[in-house]
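First residue of the sequence shown? That's 5 in this note's numbering, and the numbers climb one at a time after it.
Beta carbons are placed, not taken as given, at the ideal position from N, Cα and C, and that holds for glycine.
Single-structure report; data block below.
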Amino acid sequence: MTFGRVRPVQRSNIAKVIVKIPRQRTAPGLLAPVPPLRPGRYAGDMEQVIGHADLRRELAALAASPEPPHALLFAGPESTGRAVLARYLAMLLNCEALHPPPAAGASLFGDALPPAASAPGEPCGACRACRLILEGAHPDVITVAPGDTLCRPREGESHPAHPDSADIRICQVRGITELVARYPFEARTRVIIIDPADRLALYAAPALLKTLEEPPGHTVFVLVTAAPDRLLETIISRCRRIDVRPVARAEIEAGLLARGVDPRIAAEAAAAARGRPGRALAFVADPDLMGQRSRILERCAQLAAAGIPARFDYARTLAERWRGDQAAVRFELECWEAFWEERLRRAAASGAREELAGPLEALRAVAAAREHLLANVQARPAFDLMLLRFPRVTLEPSTEEELPAHA
């Protein structure tokens, strides 16, 4: 049996179909909504965001403008709050207190949508849209990440799921393209968060670019990355860039205290976080993580004083762990950065300019190792090179003055 060519569905027919579909808590057959930020009480000053007062004002102004940008690039180090700010933007764009819902009888296709808020403001946190976004259950606030199992293969393709993929694949971008061609299920503005955007696969990035070149009026894309230089220049040029920088230690500590964290733990976590609120929250949520950090710093001191054989043994161990637990190895690299930054600070404080070169070279080595791993270079050579570039130092205990030992 053969069938004739399928004719495109007219907009009027789409409307008839959509009216019969009950509202769903997830976009059907595509991707899951974003995970919840943190269940619990919402404060009027956006409890979920620590610091970034200037960025929050900028985002509020963008959301209140008559024509907000259709794509934004949130660039900054890991755990600095990029993804949280992306969801904060979703609340700004959809909060019912800032954007009252359309009057009864408004067109299905949004012809009577209310205008944007007249002035920047904070989301209320209490309306349906805000609550769903905070709970990670809003059907129109969607995250796209490596390893999603729901994607869109082409017709006739046998396309397996890719739960272990390290990249965002083209089938996922096809799913996004299908989704943004429709109007949002219930939001004023759909928000698609691509995190991390630098993991777009070879053919996925050009496919996304095509959508960004012809953006739908009811969707905002937010690309989140710690490595903007790995994105296509043509993608970057179509995004409004928002640089998310590390947060001051005092602001992180104040944010933790506002959440009811013990003052001693808040001070230690803020110091250990090195400007990353997400890392500070992780230290508070898992006290063992702080003790693990202290043990890694002690190992760093021992290896910095060790010879080549011990360093190569350690590089081999890191490479083996990288295959099974990349997050743990990234945390270890953060600890190496903290170790060398502390030595750099001490050298600068003592005025010994000749002692600055070693820690600076070591920090460059850690950064290079990260770049190699992002570029899918084999882990063992990347770690070997990093350890070889580390200067050899005198063995001494790790005594970070800003971070008392905490187990």
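Closest Cα partner of residue i within the set the options
i             : options                           : result
alanine 141   : Arg280, Arg396 and Ala94          : Ala94
glycine 151   : Asp171, Leu204, Leu89 and Pro104  : Asp171
alanine 149   : Ala57, Ala209, Leu204 and Ala331  : Leu204
serine 169    : Arg334, Ser298, Ala323 and Gln330 : Gln330
tyrosine 187  : Lys214, Pro210 and Val145         : Val145
alanine 87    : Gly328, Pro220, Val195 and Asp233 : Val195
glutamate 365 : Ala356, Pro104, Glu345 and Tyr92  : Glu345
arginine 173  : Ala277, Pro200, Arg297 and Gln306 : Pro200
glutamate 190 : Asp266, Pro104, Asp233 and Ala271 : Pro104
Close-in-space but distant-in-sequence residues of the same chain around residue i (CB under 6 Å, 5 per side omitted)
i             : result
glycine 279   : Pro250 and Val251
glutamate 359 : Ala351
arginine 396  : none
threonine 238 : Leu213
glycine 362   : Pro395
Buried versus exposed call for residue i [16 or more other C-beta atoms within 10 Å across all chains shown]
i                 : result
phenylalanine 394 : buried
isoleucine 312    : exposed
proline 70        : exposed
threonine 398     : exposed
glycine 295       : exposed
leucine 97        : buried
threonine 84      : buried
proline 143       : buried
leucine 206       : exposed
aspartate 202     : buried
leucine 301       : buried
arginine 132      : exposed
glycine 179       : buried
valine 381        : exposed
threonine 147     : buried
arginine 357      : exposed
leucine 322       : buried
glutamate 218     : exposed
Cβ-Cβ distance between residue i and residue j below 8 Å
i            : j              : result
leucine 216  : valine 177     : no
leucine 260  : alanine 284    : yes
leucine 89   : valine 248     : yes
leucine 442  : isoleucine 240 : This structure cannot speak to residue 442, because the chain is shown only from 5 to 411.
valine 370   : tryptophan 326 : no
arginine 61  : valine 53      : no
leucine 102  : glycine 125    : yes
arginine 349 : proline 73     : no
tyrosine 92  : leucine 63     : yes
alanine 208  : leucine 236    : no
Cβ separation of residue i and residue j, assumed to be a contact under 8 Å, to the nearest whole Å
i                 : j                 : result
cysteine 175      : cysteine 134      : Going by Cβ atoms, the distance from cysteine 175 to cysteine 134 rounds to 32 Å, so no, they are not a contact pair.
threonine 223     : threonine 193     : 7 Å
alanine 379       : methionine 390    : At roughly 14 Å, the Cβ-Cβ gap does not stay under 8 Å, so alanine 379 and methionine 390 are not in contact.
isoleucine 198    : leucine 227       : 5 Å
aspartate 388     : alanine 319       : 5 Å
phenylalanine 225 : alanine 75        : 4 Å
isoleucine 416    : proline 281       : Residue 416 is absent from the model: the chain starts at 5 and stops at 411.
alanine 230       : glycine 55        : Contact doesn't hold; Cβ gap of about 17 Å is too wide.
alanine 289       : arginine 253      : Not a contact, Cβ separation roughly 19 Å.
cysteine 304      : phenylalanine 335 : Cysteine 304 to phenylalanine 335, Cβ: 12 Å. No contact.
Proximity test, Cβ basis, 8 Å: residue i and chain E
i           : result
proline 291 : Here chain E cannot be found, since the structure has a single protein chain.
Own chain partners of residue i with C-beta closer than 7 Å, once the 5 adjacent residues on each side are dropped
i           : result
leucine 377 : Ala383 and Ala386
glycine 44  : At glycine 44, the pLDDT of 31 sits below 50, so the modelled position is not reliable and the matter cannot be decided from this model.
Close-in-space but distant-in-sequence residues of the same chain around residue i (CB under 8 Å, 5 per side omitted)
i           : result
serine 122  : Residue placement at serine 122 cannot be trusted, given a pLDDT of 41 that sits under 50; the coordinates are not used to answer.
alanine 286 : Ser83 and Leu293
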